Each structure stands twice: as structure tokens, then as C-alpha cells.
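A.B. asks:
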Amino acid sequence: MSAVVGLLLVGAGLISMPWWLPPLVVRLRMRVFTALNGPEGLSVPGNIGIDRFEELYASPASNGRSRGAALSDLFWYWLAPGPELHQEHLEPGPRYDQVASATRRILAIPKHAAEGLATQATSRVLAEAKIETPTCVRLRDLMMPIWAEFYHTLVFGQPPTAEARALIVGNADDVVTALKCLSLRHMERRAGLTRYLEAQIANGQVTHTLPAGLSDAEKALYLQGVFFNTAIVQSSEAMAHVLLALAEHPVELARLVVALDDDRAIDRVVTETFRLYPLFGIAHRITSSAIPGKAGEPVIPAGTVLCFDYPAYHGSGYTSPERFDPERWKKLSVRDSNYIPFGVPENRSCPAQAMALITMRSVTREILRGFSLASSALHTRSLSNRGPCLLVPRGPASNGEAGKARRRLSLVWLRMRDRWEDVGRSLIQLVLGTYMVLDARRLGLCRSYFAHQEPPRAPPPACPFIGT
Ligand code: HEM
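Residue numbers (the working numbering): 7 to 474.
1) Over the uninterrupted alpha helix (DSSP H) stretch that includes His-290, give me the two end residues.
2) In whole angstroms, what is the alpha-carbon distance linking Pro-151 and Gly-74?
3) Please tell me whether, using a cut-off of 7 Å, the distance from the CB of Gly-2 to the nearest non-hydrogen atom of the ligand HEM is below it.
4) Can you list, in chain order, the residues of its chain with a C-beta nearer than 7 Å to that of Leu-14? Leave out the 5 residues immediately preceding and following it.
5) At a cut of 8 Å, does the segment 411-425 reach the segment 363-375 through at least three beta carbon pairs?
6) Rounded to whole angstroms, what's the CA-CA distance from Tyr-455 to Leu-85? Just pull it up for me.
7) Given that a residue counts as buried once 16 or more other Cβ atoms are within 10 Å of its Cβ, and exposed if not, what is Thr-310?
8) For Ile-306, which beta-bridge partners are listed by DSSP?
9) Across which residues does DSSP place Gly-70 in a beta bridge pair?
10) Does the contact criterion of 3 or more C-beta pairs under 8 Å hold for the segment 98-110 versus the segment 193-209?
11) Are Glu-258 and Leu-389 touching if we call contact CB-CB under 8 Å?
12) Mind checking whether Leu-91 and Leu-227 have CB atoms under 8 Å apart?
13) Cβ of Ala-446 within 8 Å of Cβ of Leu-80?
14) As an exercise, report each continuous alpha helix (DSSP H) stretch of at least 4 residues that is fully enclosed by the segment 94-129, in chain order.
15) Please determine whether the Cβ atom of Cys-356 lies at a distance below 7 Å from any heavy atom of the ligand HEM.
16) How about Ser-242: is its Cβ closer than 7 Å to a heavy atom in the ligand ZN?
17) For Gly-473, collect the residues of the same chain with a Cβ closer than 6 Å to its Cβ; drop the 5 residues on either side in sequence, then sort them by chain order.
18) Would you mind stating whether Thr-167 and Leu-397 have Cβ atoms separated by less than 8 Å?
19) Run through the segment 316-340 for me and flag every whole alpha helix (DSSP H) of 4 or more residues, listed as ranges in chain order.
20) Are the CB atoms of Leu-62 and Val-50 nearer to each other than 8 Å?
21) Return helix, strand or coil for Tyr-170, following the three-state DSSP convention.
22) In the DSSP assignment, find the unbroken alpha helix (DSSP H) run with Val-276 in it and report its ends.
23) Can you give me the Cβ contacts of Glu-60 inside the same chain, cut-off strictly under 8 Å, excluding the 5 residues immediately before and after it?
24) Which term fits Trp-26, buried or exposed, when burial requires 16 or more other beta carbons within 10 angstroms of its beta carbon?
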């Protein structure tokens, strides 16, 4: 009898594994990361109240980007090659100014030109994909070639060849998959894109003036970091979140489909998606001078690593913050809400905010004109499942009873597959994540770069908030 009960319990444990194992592994992974990385960083909000979030982020003292934070070794590891030239990770100074102004120049194209390019890139990629019957896709994978086409055309004035597009997608996919600890880095794959960019520069194919102080090899790494890594990864993840959110909310989807010509209707969906699924989990800054305490709080010393927690900030100050509710933006304004998906303007916010919002509208329109969407997959901020979604071409065939029944069955299958895949993913993340944190620490890319640049600094004084 007891053997039967034991067997039943083991069976129930195994069958319910997708519901209890992944969260357990995520918690364990966080513990391993913290233990390996050390208790670095003052979390805001967390160690300090939400009311100081924007003030601390916007403070001129919060201007250190990489130097002095162990976390930077990990980011540099994931972003290589060329993390020391990536705009996001450059310390303030003349090199940063040159790079930032080149990025602004490249992004400065008229709105209608950006819309046209984004629409053409989407229709080209969709036509190639030949989705003529309901098909399950991974939204992030579907989006990557679209953005590869778009940003290649922006930088070089013409769409990429099939080979160049494969290099761009291969590079971006490798970076984001390693970042999510689902695979190790493949540096040779990334080097293929570097060689392509070097050749493009050598052949005078760049239609913009690149940062003057950089060598050609450095210019290639700058382009790779900003336009063929960050731009592709961020735009693909952002669009995958928007489409997955719509696929999981049929009412919101139906409301948007009849209002596709209305920019404000699309913007509400995009805004709510970014609120619930900000692409950044944390952004960190290293303080260059002390920041005075408020209301009797202690001073935050120079050299403190401030970790700004986007999801926590976006989750506070809203009614039912966990609900996907684009309609809330009919009454709220982004300016007066806890809402900073592109960072804070006073402290190096995203230079592509306007471009991203304009082009995401065009891509959303183009997709929804051709397809209906449905999904039963997990939707998490990290999007480690790459957004499984059923794409149903619009037309009479998809509206019949038989079509609807098939769709329901597909969604049941998609849910089961996604939950079981999640078990495997979380175990892979635990093992590869631990390995990469250790490897990043061993290589110390950021630490050794600054060790060669300037004499070592004295360690910062202890921060009175850390450990509270
Ligand atoms: C699609 C949605 C995007 C979102 C939500 C987003 C979000 C962000 C955020 C939050 C930051 C500031 C992080 C911080 O304070 O440390 C940032 C910075 C940055 N982003 Fe974006 N980004 C997006 C797209 C892009 C694209 C398309 C590009 C390139 C074309 C880009 C290039 C950059 C760069 C270069 C920085 C660093 C700015 C600096 O330090 O001067 N981003 N982004």
C-alpha cells in the first residue's frame, strides 16, 4: 500500500514538475549569482525607497558606467567583442562624446523614411517566411531578420545580402542567448560579423561619418555593438513582447486590429507592454562623488554601485499593476507615472527611443494587417522561450469552425510544450549561468581594461545602506 502511495506521490511530483521546478531553479540561480558576484550594489528601490528612484538615477554623481563594478565584467563578457567601445559602457569623456554623436547622426532620419524602411523590411521578411496556414513561430526569431534588414539599410544605405543578414542575426542571437544563460558564447560566430563590418568600412560602404577618434577596427566594433547587437536584440525583444502580449489578450488584440490607423491606439499597447515587460531588468551606475542623504538617511559614498530596478519601479504606483491594460494610458500620462523604459533623460537614456517607437508602430501594423495571433505560452520579462505564438493568416479559411477547433488544439499543445521546455531551460540556465559568471570573473575584461588605462583607485568606503 505504502509503495503505491509512494509511487503516486513520485508520479504527481514528476507530472507537476513544470509548475514547481522552474521557479525553484530561478531562485537557486539568483543565489548562486549573488554568491559568485559578491553582495554588490545598492538596489533602488529596495535598499532605498521608490521616492528617490528618479532623483538618484538623474543625479550628476551617478555617472560611472563600468569602472569599479564587478557586474561590469559580466556585461562586458556577454557583449564582447568590443565592449570597451560600446556606447552604453563607455565612461564619460571625449571618446564617449564622439561615439554618442555618431549614433545620433546615424539615427537622424526623417520619420516617414524610418516608417517606410520598417514596413518594407517587415513585408520582405514575411513574404520570405511564406506563412500561408496557421503556423507556430518564435516571435523573437521572426523579428530578428526584420531588424537586421532595417539597421543594415540605415547604416549602409542598402539592404543586406542573405549572407550579411545571416551574420547579423547569428551575432545578435548569440549575444542574447548567452545573456539569458541558455547557451555559451560563440566568439567565432561574432567575429564573422566583425570581419564583414571591417570590409564594409574599408570599401567605403558606410553612408555616415563614424567617430573620428577611432581606428577602422574600432569603428567596426562600435557599429557591431550599437547597431548590430543592441539595436537588433532590443528591437526584436521589444516587438516579441508586444506581439506576445496581444496574442495572449484577444480583447486587446481585437480592439487594436480595428484601430490600426490610429497611432495612439498602437502607442497605448506598446507603452503598456514596456511597463509590464521593461527590456532592462537593472541598469547600474557607479557614483563618482557622494550623494547627500535625505530625511536623516546616510550619505551614499562615492564608488557605490547603484542598481536601478526597472520592473520594481514600473510595478509601483499603478492600480492592478500586474494586469496588461493598455486602456489605462487613456487616463495616465507617461510623464507623470513611474515609467522609464528608455532610461532617464538626464543620465544617458536610450538614443534610439524615438526611432524605436516609430518603427515598432510600422512593424506592428504590418504584422496585424496580415495575421491574427494567439498564444498560451508563458510570458516573462526575460522571454527565455523566445515568444512561441500561433500566426494565423487573415482570410475566410481561418474563421471557420474547423479552423477554430484546430487552433484550440494547437494552443493546448503549445502550452504543454512550453511548460516542459521551461523545465529544461531553467536547468540549462543554472549550469551555463554559473559557468559564465565564473568565466567572466576569471577573464575580468572590464577590470583588466581599466587596470591598463589608469592607476588603481582606492577601494570605496563601505556604503551604509548595503546589508540593511
Ligand atoms: C526597442 C526598444 C529599446 C529599449 C526599451 C531600450 C532601452 C534602453 C535603456 C533603458 C537604456 C538606458 C540604460 C541605462 O540607463 O543604463 C538604453 C541605452 C542605450 N540604448 Fe536603447 N533601447 C531600445 C532600443 C535601442 C536601439 C534600437 C538602439 C540602437 C540603435 C539602442 C541603443 C542604445 C544605446 C547606444 C544606449 C546607451 C546610451 C548611452 O549610454 O549614451 N537602443 N536603451
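We treat Cβ as the ideally placed atom computed from N, Cα and C, and that holds for glycine. Note that the structure is a prediction, hence the values are computed from the model and not measured.
C.D. replies: Taking the structure as given:
1) Segment 288-292 is the beta strand (DSSP E) holding His-290; no alpha helix (DSSP H) there.
2) Their Cα atoms are separated by approximately 36 Å.
3) Any question about residue 2 goes unanswered here, given that the chain covers just 7 to 474.
4) none
5) no
6) 14 Å
7) Within 10 angstroms of the beta-carbon of Thr-310 lie 16 or more other beta-carbons, which makes it buried.
8) Ile-297
9) Looking at the DSSP assignment, Gly-70 forms a beta bridge with Ile-292.
10) Using a C-beta cut-off of 8 Å, the segment 98-110 makes no contact with the segment 193-209, since fewer than three inter-stretch Cβ pairs fall below that distance.
11) no
12) yes
13) yes
14) 100-113
15) yes
16) The ligand content of the structure shown is limited to the ligand HEM, which means the ligand ZN is not among them.
17) At Gly-473, the pLDDT of 44 sits below 50, so the modelled position is not reliable; the number obtained from the coordinates is stated separately. For Gly-473, where only same-chain residues beyond five positions count, there are no Cβ hits under 6 Å.
18) no
19) 316-320
20) Yes, the Cβ-Cβ distance between Leu-62 and Val-50 is below 8 Å.
21) A quick correction: the sequence has Ala, not Tyr, at residue 170. Note: Ala-170 maps to helix in three-state DSSP.
22) 269-282
23) Short of 8 Å from the beta carbon of Glu-60, and not among the five residues preceding or following it, lie these beta carbons of its own chain, in chain order: Ile-346, Val-350.
24) Classification for Trp-26: exposed.
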